[in-house]
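Single-structure report; data block below.
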Amino acid sequence: MFCEKCGSQISDNSTFCGNCGASMNNAAAPSYAPHPRPAAPSYTPPPPNYIPATPNNHPVYSHAAPNSRPGYAASGYPGAGQEMSVGQWMITLLIMAIPIAGLVMMFVWAFGSGAPVSKRNFSRASLIFAAIGVGLYLILMIAGVSMMGAMMDSMFY
Ligand SMILES: [Zn+2]
């Protein structure tokens, strides 16, 4: 580069003119200052672009959260979220086939918190049907006994 005061050629690295002794800091400082200034405005626009970008990303996250929330909502019980394999169902049905232990286990599965949701709901549905069956059986028995009693009474009188 050339000295601004005397015009003599000096090296770019020198901080002062070798001919007249003028300091090159004055020339160097303004040349450095303009560089950060254009850089700063170019940096400030991106944040506005990034801020709209994050709202776009947030819906993605909020969409992902509802997907995970049903799993969390279903996992209110400790055993929830577990999937029952075919083998586990076969073992479950085998245990249910055992006369008394099966019934006890169904109550444990239906009202306990350790069984998976599917097994718990299945046990509850089975117990409801069993209760309906027992209820119908008792009603028929009582009706039958009362009818028998009525027939016996009618026979005696
Ligand atoms: Zn000079």
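Here this note's numbering = 1-based position in the sequence shown + 120.
Just so you know, even glycine gets a beta-carbon here, dropped at the ideal spot from N, CA and C.
Just to confirm, is the Cβ distance from residue i to residue j under 8 Å?
{"i": "residue 238", "j": "residue 229", "result": "no"}
{"i": "residue 236", "j": "residue 204", "result": "yes"}
{"i": "residue 215", "j": "residue 207", "result": "no"}
{"i": "residue 134", "j": "residue 144", "result": "yes"}
{"i": "residue 138", "j": "residue 130", "result": "yes"}
{"i": "residue 225", "j": "residue 246", "result": "no"}
Excluding five sequence neighbours on each side, which residues of the same chain lie with their C-beta closer than 6 Å to the C-beta of residue i?
{"i": "residue 132", "result": "121"}
{"i": "residue 125", "result": "140, 142"}
Which residues in the same chain as residue i place their Cβ atom closer than 7 Å to its Cβ, once the five residues preceding and following it in sequence are excluded?
{"i": "residue 275", "result": "none"}
{"i": "residue 258", "result": "none"}
{"i": "residue 253", "result": "none"}
{"i": "residue 202", "result": "236"}
{"i": "residue 240", "result": "229, 230"}
{"i": "residue 212", "result": "239"}
Return the bridge partner residues of residue i from the DSSP annotation.
{"i": "residue 143", "result": "136"}
{"i": "residue 202", "result": "Answer is none; residue 202 lacks a bridge partner."}
{"i": "residue 249", "result": "Partner(s): none; residue 249 has no beta bridge."}
{"i": "residue 208", "result": "Note: residue 208 sits in no beta bridge, so no partner."}
{"i": "residue 122", "result": "129"}
In chain order, what residues of the same chain lie with their CB nearer than 8 Å to the CB of residue i, ignoring the 5 residues before and after it?
{"i": "residue 263", "result": "none"}
{"i": "residue 268", "result": "none"}
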